[in-house]
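J.:
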Amino acid sequence: YFNYTYKDVKEKELNLGLDLKGGMNVMLQLDLAELVRSCAREKTTEQFEQAMATARQRASESHEDFISLFAEAWDEINPNQRMSFDIDLDKLSGDVKNKTKATNAEIINLLQKEAEAVIGNSYNVVERRVNQFGVSQPNIQKIARTGRILVELPGVKEPERVRKLLQGTASLEFWQTYTYQEIAPFLQDLNDQIRDELAALEATEPAAEKAETAEKPATIEDELAAANNQEVTDASAELAEKANPLFSKLRPLGGNSACLGIAHYRDTAAINNWLNNSKVAFPGDFVPAWSFKAATYEGLQPDTYYELVALKGAAGKGAVLDGGVITSARVNYNQINGAAEVSMTMNSTGAAKWEVITEQNIGHQIAIVMDGQVYSYPNVQNKISGGSSQITGHFTQAEAEDLATVLKSGKLSTPARIVQEQVVGPSLGSASIRAGLISFIIAFLLVLIYMVIFYRRAGIAADIALICNVVFLFGALVSFGAVLTLPGIAGLVLTLGMAVDANVIIYERVKEELNAGKALRLAIADGYKNAYSAILDGQITTLLTGIILAIFGSGAVKSFAIVLVIGIITSVLTSIFITRLIFEARLKRNKDISFYTSFSKNFLKNTHINFLDKRKISYLVSGALCLIALISCFTKGFSYGVDFSGGRTYVVRFDQSVTPEQVRAATFDAFGEAAEVKQFGGASQMRITTKYMINDESSETDKMIEAKLYDALKGFFATNPTLEQFTSTIDNPNGIVSSDRVDASIASEVKRDAVIAVIIALIVIFGYIAIRFRNWTYGMGGVTSLAHNAIIVIGFFSLFTGILPFTLDVDQTFIAAVLTIIGYSINDNVVIFDRIREYKSLYPKRDLKQNINDALNSTLSRTINTSVTTLVVLLAIAIFGGESIRGFAVALTLGVIVGTYASIFIGTPVMYDLITRKERKANKASAK
């Protein structure tokens, strides 16, 4: 141990998840449709385009990879046509025996291999970019068969910078340019075309809805000046937009620059639409492109206006040179003004081409374009030899470093876009750590105290085992390199309650042996021996649900599952072996061991409740509750979390109290649609969920929505933050403290996986119980009880959402709670079933009904006791665990309460009714 340095220990410390440490979680979707198109011939058939369109449509609703969906679509649309008419086999890296007679199956196989290679290459590129970004303990994973890459970056505080770094393909290109004077006549024609189309559209509207008309201003310049004058009336501004719709959004700068004008980021989409659908005969090689960074002209609001640059394509190929010739890139600083810039070095082929290109364009501008955005368009002063060049563009140091990183790390083989994203600010992460630790410490102390109060010295032994369990659990998490999240802490706290479950089973069994007149040593030995089967069966069923949750869950939910699985294993080991070692040590020294106090000695002892006679009442009560729950589910529905519904969620912290109604009204004005707004924690923190522009795949959409949100909410701050302060909480505790974004396709996939996970869990538990007890009626009784519990908990979340003062969202965390309830609730059923099996073996001539009632009464103390220990820790989570985990804790608390009731009044009675029905049928058959 003394050979470890501080650095060694620091590197092996427990990894904290994003919700505790702050940071960013991103799911990148590689565009495999673009890969297929890149492998197609220049001229494709109509059937190929139909298959591509169909596959794209299905990809938004399916979890299958795009290549498989394309193959399905092709078989439906072109069952008898060979793909080789459209797919150019020379563009694929694989090979077939006979290219002219290649079957469609062989081509799809080649495309699958090509996709695997692209995903592997993209993973390596992303990994290099992340490593060069300088994040500690990043987590990068390929998601099998989906074309997705998961990237977790703890501690990151600049999400916009990360988005640009990860989504950029690093497709660097050098373009010739047109000047404004060359393109201006075409822009004027386009402006006139749009004006006439809008006028024609207006003429078709009812006369009552038409706006008043006025004379058109003499010149564009006069109108633009009028439109930008702060004192201009609303009527004249509207008039200006009608007269010159294009130039009211795109402000021309004139001159011989390649810049055609500047536009507010909100207007770029409209301008793109007009240019793409223009009937004006622009030059065939004209390509408009927006600047990478907002313009910095004097008098303009920062980070608001972008330049539109006129690119000029070289004959038949667009760019005159691509970035494949770049061999190195680094950040330098301009010797005159000290500005950051990126210096590039080209290979010999690129250097020779660059020399010719610069010589031919002296006096003109060359645009440096990456991923379709113009980084700079400098004037060529003279011929550049040697292959060295610089990219300038008013970069900050961070932007220059990121550009150099992207160029050095290489080009992504296919475009990538973010389909799921979570950002947690450092302040929210700190609050989560504090809340998690408080709930853990309080729960830990309460369990320790409860065990001593109820079991005296035996309780102290259980407490020692519990402390060892926590040490082993943390050690295992560190050894496996697991990541601890807030749900993971909840799993840790839940493990405390479940850890003493095994001790309660053992101690209650020892008490029964002592009451039967056995000596202490023999009672302990028999108590442990007779409790093993119940402990193992109960823990195995919970373990199975934990494994299912780990397979189908992701992110924080997977962290919870891993903690739960490891906790179950360490709990069984410590509760059985460590307590037994302690008892054996005391017995050797003839020390007394007490298993009860005066309070607990006769707790639920010698009860004679006829549970089975009350089963019809319990069936009616449970049936009514389940019916109400189902009606609420199908009529009122649920408040879905963003990972189930798709959309964006922002947690915004203000510096003073606000109301949800105020924020809801402001965001409606900004987005043009209703956003869901709920108080999240205190009155100065709101959670805002919207589906605004969720299907827009533009890389600038997130930035634009954050700007709209800022414009809508800045008036609610006592001290107005800047846009940068609002979107980043590096130096400012207020503003957006966390955000989530999930595309609709991901949301539907998560929802489907959740349903599958619950169904599989029920099937697995049914199978295990049926096999373990060698009777399917036991399995059916247990599963009926579990389904009953799940329906009531789900119905509660539907019925009381919007009523209780905290969120009851149905999301991945909620499904984790339902699966945990399923796994935990079966424990009570298993213990009861185990005792029934024992009594049937001991008293075979007794009536089944009496054996079952006796089993229920004899295990009643254990059933109530284990539920209380678990409820103690769950209440600690619900009260002290923080807002984001409260709904999870409420679901588990309700599940434990309902599960305890169901194990006595539903699971066992159903099993009894099935057995007696089976016997009646057998008797009738034998009588015939």
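Mapping of the sequence shown onto our numbering: position 501 corresponds to residue 567, and the numbering continues sequentially without gaps.
Note that CB positions come from ideal geometry on N, CA and C, so glycine has one too.
Starting from the C-beta of threonine 362, find all residues in its chain whose C-beta is less than 7 Å away, skip the five residues before and the five after it, and write them out in chain order.
T.: Reading the sequence shown from its first residue, position 296 is the one you call residue 362. Contacts found: His460.
J.: At what residue ranges does the region 743-780 contain a whole run of the alpha helix (DSSP H), taking only runs of 4 or more?
T.: 767-779
J.: Decide if aspartate 679 is buried, meaning its Cβ has at least 16 other Cβ atoms within 10 Å, or exposed.
T.: Residue numbering aside, residue 679 sits at position 613 when the sequence shown is read from its first letter. Aspartate 679 comes out exposed.
J.: Return the CA-CA distance between glycine 713 and threonine 733, expressed in angstroms with no decimal places.
T.: Position 647 of the sequence shown, counting from 1, holds the residue named residue 713. Position 667 of the sequence shown, counting from 1, holds the residue named residue 733. Straight-line Cα distance between these residues: approximately 15 Å.
J.: Given a threshold of 16 other Cβ atoms within 10 Å of its Cβ, counted over all protein chains shown, does tyrosine 706 qualify as buried or as exposed?
T.: Taking the first residue of the sequence shown as position 1, residue 706 is located at position 640. Buried, because 16 or more other Cβ atoms sit within 10 Å of the Cβ of tyrosine 706.
J.: Out of Leu238, Lys671, Thr974, Trp420, which has the shortest C-alpha to C-alpha gap to aspartate 894?
T.: Translated into positions along the sequence shown, residue 894 becomes position 828. The shortest C-alpha separation from aspartate 894 is found at Thr974.
J.: Counting along the chain, where does the beta strand (DSSP E) carrying glutamate 268 start and finish?
T.: In the sequence shown, the residue the question calls residue 268 occupies position 202. Segment 246-269 is the alpha helix (DSSP H) holding glutamate 268; no beta strand (DSSP E) there.
J.: Does the beta carbon of glutamate 985 fall short of 7 Å from some heavy atom of the ligand FAD?
T.: The model on display carries no ligand, and the ligand FAD is accordingly not part of it.
J.: Determine the contact status of leucine 86 and leucine 238, defining contact as a CB-CB distance below 8 Å.
T.: Here residue 86 corresponds to residue number 20 of the sequence shown, with the count starting at 1. Here residue 238 corresponds to residue number 172 of the sequence shown, with the count starting at 1. Not closer than 8 Å, so no.
J.: How many angstroms separate the CA atom of aspartate 47 from the CA atom of glutamate 224?
T.: What the structure shows of the chain is the stretch from 67 to 994, and residue 47 is not part of that stretch, so it cannot be assessed.
J.: Measuring straight from C-alpha to C-alpha, what distance separates alanine 266 and lysine 308?
T.: Position 200 of the sequence shown, counting from 1, holds the residue named residue 266. Position 242 of the sequence shown, counting from 1, holds the residue named residue 308. Rounded to whole angstroms, alanine 266 and lysine 308 show a C-alpha spacing of 12 Å.
J.: So which of Ser927, Ile754, Phe348 has the shortest CA-CA distance to alanine 731?
T.: Along the sequence shown, read from residue 1 onward, the residue named residue 731 stands at position 665. The shortest C-alpha separation from alanine 731 is found at Ile754.
J.: Note the first and the last residue of the continuous beta strand (DSSP E) segment covering alanine 380.
T.: Counting from 1 along the sequence shown, the entry for residue 380 is found at position 314. Segment: none, alanine 380 is in no beta strand (DSSP E) and carries neither H nor E.
J.: How is the alpha helix (DSSP H) around threonine 936 delimited, first residue to last?
T.: Position 870 of the sequence shown holds residue 936. It spans 926-946 - the alpha helix (DSSP H) in which threonine 936 sits, taken as one unbroken run.
J.: In terms of residue numbering, what span does the beta strand (DSSP E) encompassing isoleucine 392 cover?
T.: As a position in the sequence shown, residue 392 is number 326, starting the count at 1. It spans 392-399 - the beta strand (DSSP E) in which isoleucine 392 sits, taken as one unbroken run.
J.: Could you give the residue range of the alpha helix (DSSP H) that holds cysteine 699?
T.: As a first step, residue 699 must be located in the sequence shown, where it is residue number 633. That run of the alpha helix (DSSP H) goes 681-701.
J.: Out of Leu231, Lys915, Ile434, which has the shortest C-alpha to C-alpha gap to glycine 384?
T.: For the purposes of this step, residue 384 is identified with residue 318 of the sequence shown, where counting begins at 1. Glycine 384 has its Cα closest to that of Ile434, out of Leu231, Lys915, Ile434.
J.: Quick check on proline 553: buried or exposed, where buried means 16 or more other Cβ atoms within 10 Å of its Cβ?
T.: For this step, residue 553 is matched to residue 487 along the sequence shown. The residue in question, proline 553, is buried, as its Cβ has 16 or more Cβ neighbours within 10 Å.
J.: What ranges does the alpha helix (DSSP H) occupy inside the region 318-357, keeping only unbroken runs of at least 4 residues that lie completely in it?
T.: Entirely contained in the region 318-357, the alpha helix (DSSP H) runs reaching 4 residues are, in chain order, 334-342.
J.: Quick one: grab the DSSP three-state call for lysine 577.
T.: Against the sequence shown, residue 577 aligns to sequence position 511. In this structure, lysine 577 counts as helix in the three-state DSSP scheme.
J.: Less than 8 Å between the CB atoms is what I'm expecting for tyrosine 890 and glycine 965, so what's the real figure, rounded?
T.: Stepping through the sequence shown from its first residue, residue 890 is reached at position 824. Stepping through the sequence shown from its first residue, residue 965 is reached at position 899. Rounded, the Cβ-Cβ distance is 7 Å, consistent with contact.
J.: So the candidates are Tyr967, Phe946, Ile898; which of them puts its Cα closest to the Cα of serine 688?
T.: Stepping through the sequence shown from its first residue, residue 688 is reached at position 622. Checking every option, the nearest Cα to that of serine 688 belongs to Tyr967.
J.: Can you grab the Cα-Cα spacing for the pair threonine 111 / glutamate 138, in whole Å?
T.: By 1-based counting over the sequence shown, the position of residue 111 is 45. By 1-based counting over the sequence shown, the position of residue 138 is 72. Taking the straight line joining both Cα atoms gives about 17 Å.
J.: Taking DSSP as the reference, what is the three-state secondary structure of lysine 208?
T.: Stepping through the sequence shown from its first residue, residue 208 is reached at position 142. Reduced to three states, the DSSP call for lysine 208 is strand.
J.: Quick check: what's the CA-CA separation for leucine 366 versus alanine 360?
T.: As a position in the sequence shown, residue 366 is number 300, starting the count at 1. As a position in the sequence shown, residue 360 is number 294, starting the count at 1. Taking the straight line from one Cα to the other gives about 10 Å.
J.: Going by DSSP in three states, glycine 89 sits in which element: helix, strand or coil?
T.: Locating residue 89 in the sequence shown gives position 23, counting from the first residue. It is a strand residue.
J.: Starting from the C-beta of phenylalanine 669, find all residues in its chain whose C-beta is less than 7 Å away, skip the five residues before and the five after it, and write them out in chain order.
T.: Taking the first residue of the sequence shown as position 1, residue 669 is located at position 603. Excluding residues within five positions, the ones whose Cβ falls inside 7 Å are Ser927.
J.: Have a look at threonine 673 and methionine 90 and give me their C-alpha separation to the nearest angstrom.
T.: As a first step, residue 673 is located in the sequence shown; it is residue number 607 there, counting from the start. As a first step, residue 90 is located in the sequence shown; it is residue number 24 there, counting from the start. Going by the C-alpha atoms only, they are around 56 Å apart.
J.: Consult DSSP for alanine 277 and reduce its assignment to one of helix, strand or coil.
T.: Taking the sequence shown and counting its residues from 1, one reaches residue 277 at position 211. At alanine 277, the pLDDT of 42 sits below 50, so the modelled position is not reliable; the number obtained from the coordinates is stated separately. Of the three classes helix, strand and coil, the one that applies to alanine 277 here is coil, per DSSP.
J.: Applying the 10 Å Cβ sphere with the 16-neighbour rule, what's the burial state of glutamate 373?
T.: Stepping through the sequence shown from its first residue, residue 373 is reached at position 307. Counting Cβ neighbours within 10 Å, glutamate 373 comes out buried, since at least 16 surround it.
J.: Helix, strand or coil: which one does DSSP assign to phenylalanine 546?
T.: Sequence index remark: in the sequence shown, residue 546 carries index 480 (1-based). Judged by DSSP in its simplified three-state form, phenylalanine 546 adopts coil rather than helix or strand.
J.: Rounded to a whole number of angstroms, what is the C-alpha to C-alpha distance between valine 976 and methionine 846?
T.: Numbered from 1 along the sequence shown, position 910 holds the residue referred to as residue 976. Numbered from 1 along the sequence shown, position 780 holds the residue referred to as residue 846. Going by the C-alpha atoms only, they are around 8 Å apart.
J.: I need the straight-line Cα distance from glycine 861 to threonine 873, nearest angstrom please.
T.: To locate residue 861, count along the sequence shown from 1; it is residue 795. To locate residue 873, count along the sequence shown from 1; it is residue 807. So the two alpha carbons sit approximately 15 Å from each other.
J.: Hey, would you say serine 357 sits closer than 8 Å to glutamine 439, going by beta carbons?
T.: Start at 1 with the first residue of the sequence shown, and residue 357 comes out as number 291. Start at 1 with the first residue of the sequence shown, and residue 439 comes out as number 373. A contact, by the Cβ cut-off of 8 Å.
J.: Which of the three DSSP states is assigned to proline 553 in this structure?
T.: Within the sequence shown, the letter at position 487 stands for residue 553. The three-state secondary structure of proline 553, taken from DSSP, is helix.
J.: Return helix, strand or coil for tyrosine 706, following the three-state DSSP convention.
T.: If you number the sequence shown from 1, residue 706 lands on position 640. Of the three classes helix, strand and coil, the one that applies to tyrosine 706 here is strand, per DSSP.
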